[in-house]
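Participant: Numbering (this note's numbering), first residue to last: 80 to 161.
This is the structure, below, for whatever I ask next.
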């Protein structure tokens, strides 16, 4: 689960960088649920993995949370549209 959430977070981060452009900013509405699924996968990976193997899941959780925060911030700047 940790590796999946980390890869999911990397894809979400690449999508977020693309969504920072003014014309495609509306895709943040799709990006937030996408990153939320990655964060849920990371949380499952943290909960159900032995203590020594949680690094990837924690990195995925941090990455997906960062994407969600920046996407919400970007929607606020553009009024939810741009």
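All residues carry an ideal CB built from backbone N, CA and C; glycine is no exception.
Would you call the segment 146-155 in contact with the segment 99-118, where contact means no fewer than 3 C-beta pairs closer than 8 Å?
Facilitator: Verdict: yes, contact present.
Participant: Just reading off the alpha helix (DSSP H) that residue 112 is part of, what are its end residues?
Facilitator: Counting along the chain, the alpha helix (DSSP H) containing residue 112 begins and ends at 107-126.
Participant: Could you check what DSSP says for residue 95 in three-state terms: helix, strand or coil?
Facilitator: Residue 95: helix per DSSP, three-state reduction.
Participant: On a Cα-Cα basis, can you pick out the residue from 82, 106 and 101 that is closest to residue 146?
Facilitator: It is 106.
Participant: Indicate the three-state DSSP secondary structure (helix, strand or coil) for residue 89 in the structure shown.
Facilitator: In this structure, residue 89 counts as helix in the three-state DSSP scheme.
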